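Worksheet: one structure, shown below.
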Amino acid sequence: MLGEIITQNRLRRPLIHCMTNHVTANDCANILLACGGSAIMADDYDEVAEITAMCDGLVLNMGTPTPRKLDALLLAGKEANKLGHPVILDPVGVGSSELRRRAGQQLMEQVRFAAIRGNATEIATLVQGTAAHRGVDADIEEAPIASVEENAKRLSQKTGAVVIVTGDTDIVTDGRLLYRIHHGHPMMKSVTGSGCQLSALMGAFVTANPDAPLRAALAAVCVMGLCGEIAHGRLGPLDGNASYRNYIIDAVFNLTPAELERGAEYEIDQ
Amino acid sequence: MLGEIITQNRLRRPLIHCMTNHVTANDCANILLACGGSAIMADDYDEVAEITAMCDGLVLNMGTPTPRKLDALLLAGKEANKLGHPVILDPVGVGSSELRRRAGQQLMEQVRFAAIRGNATEIATLVQGTAAHRGVDADIEEAPIASVEENAKRLSQKTGAVVIVTGDTDIVTDGRLLYRIHHGHPMMKSVTGSGCQLSALMGAFVTANPDAPLRAALAAVCVMGLCGEIAHGRLGPLDGNASYRNYIIDAVFNLTPAELERGAEYEIDQ
Amino acid sequence: MLGEIITQNRLRRPLIHCMTNHVTANDCANILLACGGSAIMADDYDEVAEITAMCDGLVLNMGTPTPRKLDALLLAGKEANKLGHPVILDPVGVGSSELRRRAGQQLMEQVRFAAIRGNATEIATLVQGTAAHRGVDADIEEAPIASVEENAKRLSQKTGAVVIVTGDTDIVTDGRLLYRIHHGHPMMKSVTGSGCQLSALMGAFVTANPDAPLRAALAAVCVMGLCGEIAHGRLGPLDGNASYRNYIIDAVFNLTPAELERGAEYEIDQ
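Chains as they are written, first to last, in my numbering: chain A, 39 to 308; chain B, 39 to 308; chain C, 39 to 308.
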């Protein structure tokens, strides 16, 4: 079932307009190439509508924002909606500043998302419009899992988007069905932008599988988690987080539909 | 003959003002260091003229543009011309938006280039002022090779620049002589910014060999292609595009003049 | 003694607001994660005061500046001072343009720094307000070591900051005590942003050890140098500067307090 998502993605080779932060842009581009898609990373207001129009899907990542770039995210999102392209939101640190909170709110009000992926704090911020946020790479304090799941479902019901919350346990929900995924490795928190990379990967999968956004998002979470495990198994005694970062992308490059099918484990809650 | 280009480059250690996109800036800086040059990456309008003046050569890469940055490319290009520094243009996605088309046109009109390197679509856009462009990392649809060569020659004759078109076959021409190079590996398309890296490398080689821009460009294409092959030969079963990216730069670091001399193969057409 | 600096850092896991250039931002984030800290990389004027307030320490790196970003560095620096957070300055290429010279001067006048790390030319520029500067990655011409030490001490006395000058010999001084460190490997000059990475690492160490900025800075210099040696020892015949870059961060990830204690060698001059 999930293997088919990868197969479709490698077949269709979606071109993703990936508007992301400058810290992880290179990794996002390389993970998109690893999975069989490709990327244009343009983020200036004057050209994003045209760039979106020549792509198949759109990823909006709110990291390293400027007012002009946030306006461009909004413009690209609206253009993608008009064209029927799937839009994925990664609300990086959305509670961290007034600038991001305001942009997050505008995006929620004016753009329809196929999927929204964040950590527990970011998703809570989008649901509640509040919450302090410490750090971008990982949550310092995890909320109880029940409230995380509740937030995810509520955000999904409110927006119509598949909502993905990553943490020790990953959650994927369409507001009705909810998947819990326990893949991955704690050391992934030591690789900057592993969340951004997952959002980019998800952008490709959802775009290549437009009729199955829930399964596409689930597949992306399982791929990233499995690849985190495979890459961890490859670490030698001298390897650290820099080699780990490369090995994760390498594993995405090499993962076959059969390996995903065989390896992916998740609980379903309905 | 080509080995001498590397030797001169390692001897002169050119300092390149490398104005590039934020996706591949790190890789461009590292490949410049790998080949024996070095880089300053500054791209703000208020300082680029001064930065250009303290460097030996200039690379203008149009990726992730903003109006301000494009103005800075133009300013730096004119300053480099005034100082007699070689200028290399990488017209990334020049047909993708009105913003880039306009900037591409201004650059063509107001700056003299020593070399222009792009894919078939980008070069066609510069020659014809039109053409749609899909993707940045690779051409989805390759034009017939004869028309690619024709475009390259015409652009070279029009501008006086050495023109380099990269694709399955790479082309290097000064409008009269034309080289066809078959080095490289298809997997290089899975590494983001391999074209940007080649342009940066070419910036160093052309700058260090000011009397031989055609041979310097040919050497850069051969080095990148050979290193793509060497790096591919090094890939283990778990390696993917992330490790490949590192191995390519590693190979540039280690390539000797003798290895280039021995390994480089190309056809000449005149 | 120095091992304790790492221990404290891994215990306190400082969150660093790291305002850096887009060339080395990814490496800075990953080295901060490698050492046990973490980073937010935000650099827009509209949000930096809020971001600084939610972090524990601040690193200001002047690379790839824009006027707006330099204003943001200044604002964040003043906010950090108000909150009592340590501020580290990396005056990348501060003598290279009028834009940077002016920003450097404003930062020196309006922000109190816990530590300032640069190469000999950058430190000389801050002391003297002049000096030409060629290249960013390394000094082409090293000044005599005695004058470098004199400049470091004077800058420290003038600012109250610990001053660190990196070069063939690294210098750490609080204006009275002066350490000379001979660790590292010449090949580190072939990795872009090794200086930026050291400044980021130092930001974590100084923040996690607020009562011992001199020892924290010394520890950071020794860690980076030792890890440069460890990583160099790991290089195979096909490895070059790209793999070296990864191995250095890997080594930081794996370095133990005992290894630092055992390995760190330095001279003290008082």
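Virtual Cβ for every residue (Gly too), placed ideally from N, Cα, C.
Keep in mind the model is a prediction, meaning the values are calculated, not measured.
Could you give the distance in angstroms between the alpha-carbon of residue i and the alpha-carbon of residue j?
{"i": "residue 243 (chain C)", "j": "residue 121 (chain C)", "result": "18 Å"}
{"i": "residue 209 (chain A)", "j": "residue 74 (chain C)", "result": "27 Å"}
{"i": "residue 176 (chain B)", "j": "residue 201 (chain C)", "result": "The predicted position of residue 176 (chain B) is uncertain, since its pLDDT is 46 and thus under 50; no value can be drawn from it."}
{"i": "residue 40 (chain A)", "j": "residue 296 (chain A)", "result": "9 Å"}
{"i": "residue 195 (chain B)", "j": "residue 85 (chain A)", "result": "31 Å"}
{"i": "residue 281 (chain A)", "j": "residue 285 (chain C)", "result": "7 Å"}
{"i": "residue 253 (chain A)", "j": "residue 229 (chain C)", "result": "42 Å"}
{"i": "residue 302 (chain A)", "j": "residue 219 (chain A)", "result": "9 Å"}
{"i": "residue 136 (chain B)", "j": "residue 232 (chain B)", "result": "25 Å"}
{"i": "residue 98 (chain C)", "j": "residue 61 (chain B)", "result": "21 Å"}
{"i": "residue 239 (chain C)", "j": "residue 128 (chain C)", "result": "12 Å"}
{"i": "residue 65 (chain B)", "j": "residue 235 (chain B)", "result": "7 Å"}
{"i": "residue 294 (chain C)", "j": "residue 115 (chain A)", "result": "47 Å"}
{"i": "residue 191 (chain B)", "j": "residue 283 (chain A)", "result": "42 Å"}
{"i": "residue 161 (chain A)", "j": "residue 221 (chain C)", "result": "46 Å"}
{"i": "residue 166 (chain B)", "j": "residue 246 (chain C)", "result": "59 Å"}
{"i": "residue 69 (chain C)", "j": "residue 87 (chain C)", "result": "24 Å"}
{"i": "residue 72 (chain C)", "j": "residue 262 (chain C)", "result": "12 Å"}
{"i": "residue 57 (chain C)", "j": "residue 110 (chain C)", "result": "9 Å"}
{"i": "residue 123 (chain C)", "j": "residue 106 (chain C)", "result": "23 Å"}
{"i": "residue 76 (chain B)", "j": "residue 50 (chain B)", "result": "11 Å"}
{"i": "residue 90 (chain B)", "j": "residue 206 (chain A)", "result": "49 Å"}
{"i": "residue 255 (chain C)", "j": "residue 225 (chain C)", "result": "22 Å"}
{"i": "residue 143 (chain C)", "j": "residue 158 (chain A)", "result": "42 Å"}
{"i": "residue 292 (chain C)", "j": "residue 203 (chain C)", "result": "25 Å"}
{"i": "residue 95 (chain B)", "j": "residue 187 (chain B)", "result": "27 Å"}
{"i": "residue 150 (chain A)", "j": "residue 100 (chain A)", "result": "16 Å"}
{"i": "residue 80 (chain B)", "j": "residue 268 (chain B)", "result": "32 Å"}
{"i": "residue 163 (chain B)", "j": "residue 133 (chain B)", "result": "6 Å"}
{"i": "residue 92 (chain B)", "j": "residue 52 (chain B)", "result": "11 Å"}
{"i": "residue 112 (chain A)", "j": "residue 307 (chain A)", "result": "34 Å"}
{"i": "residue 83 (chain C)", "j": "residue 108 (chain A)", "result": "14 Å"}
{"i": "residue 250 (chain B)", "j": "residue 212 (chain C)", "result": "51 Å"}
Who does residue i pair with in a DSSP beta bridge?
{"i": "residue 154 (chain A)", "result": "A:127 and A:201"}
{"i": "residue 77 (chain B)", "result": "B:54"}
{"i": "residue 304 (chain A)", "result": "A:219"}
{"i": "residue 210 (chain A)", "result": "A:202 and A:217"}
{"i": "residue 99 (chain B)", "result": "B:128"}
Run the CB neighbour count on residue i, radius 10 Å, all protein chains shown included, and call it buried at 16 or more, exposed below.
{"i": "residue 184 (chain C)", "result": "exposed"}
{"i": "residue 148 (chain C)", "result": "exposed"}
{"i": "residue 117 (chain C)", "result": "buried"}
{"i": "residue 54 (chain B)", "result": "buried"}
{"i": "residue 139 (chain C)", "result": "buried"}
{"i": "residue 171 (chain C)", "result": "Residue placement at residue 171 (chain C) is flagged as unreliable, the pLDDT there being 49, under the threshold of 50; the coordinate-derived value follows with that caveat. The residue in question, residue 171 (chain C), is buried, as its Cβ has 16 or more Cβ neighbours within 10 Å."}
{"i": "residue 178 (chain C)", "result": "Bear in mind that a pLDDT of 43 at residue 178 (chain C), under 50, signals an unreliable position, so the model cannot answer this."}
{"i": "residue 266 (chain A)", "result": "buried"}
{"i": "residue 274 (chain A)", "result": "exposed"}
{"i": "residue 46 (chain C)", "result": "buried"}
{"i": "residue 278 (chain B)", "result": "buried"}
{"i": "residue 154 (chain A)", "result": "buried"}
{"i": "residue 182 (chain A)", "result": "exposed"}
{"i": "residue 126 (chain B)", "result": "buried"}
{"i": "residue 103 (chain B)", "result": "buried"}
{"i": "residue 156 (chain C)", "result": "buried"}
Is residue i close to chain E, meaning its C-beta is less than 8 Å from at least one C-beta of that chain?
{"i": "residue 60 (chain B)", "result": "Although the question refers to chain E, the structure presented lacks it and instead comprises the protein chains A, B and C."}
At a Cβ cut of 7 Å, what residues of the stretch 187 to 206 of chain B count as close to chain C, listed as they run along the chain? none
Residues from the stretch 275 to 292 of chain B in contact with chain A, defined by Cβ distance under 9 Å: 275, 276, 277, 278, 279, 280, 281, 282, 283 and 284
Output needed in chain order: residues of the stretch 116 to 144 of chain A with a Cβ under 9 Å from some Cβ in chain C. 131, 134, 135, 136, 137 and 138
Could you run through the stretch 75 to 88 of chain B and flag, in chain order, every residue whose CB is less than 8 Å away from some CB of chain C? 76, 77, 78, 79, 80, 81, 82, 84, 85 and 88
Near-chain A residues of the stretch 253 to 278 of chain C (beta-carbon distance less than 7 Å), N- to C-terminal order: 272
Got a sec: which bits of the stretch 93 to 106 of chain C sit with their beta carbon under 9 Å from any beta carbon on chain B, in order along the chain? 101, 102, 103, 104 and 105
Of all the residues that make up the stretch 217 to 245 of chain B, which are near chain A by a beta-carbon distance shorter than 8 Å? 227, 228, 229, 230 and 231
So if I threshold CB-CB distances at 8 Å, which residues from the stretch 43 to 72 of chain A count as touching chain C? 59, 60, 61, 62, 64 and 65
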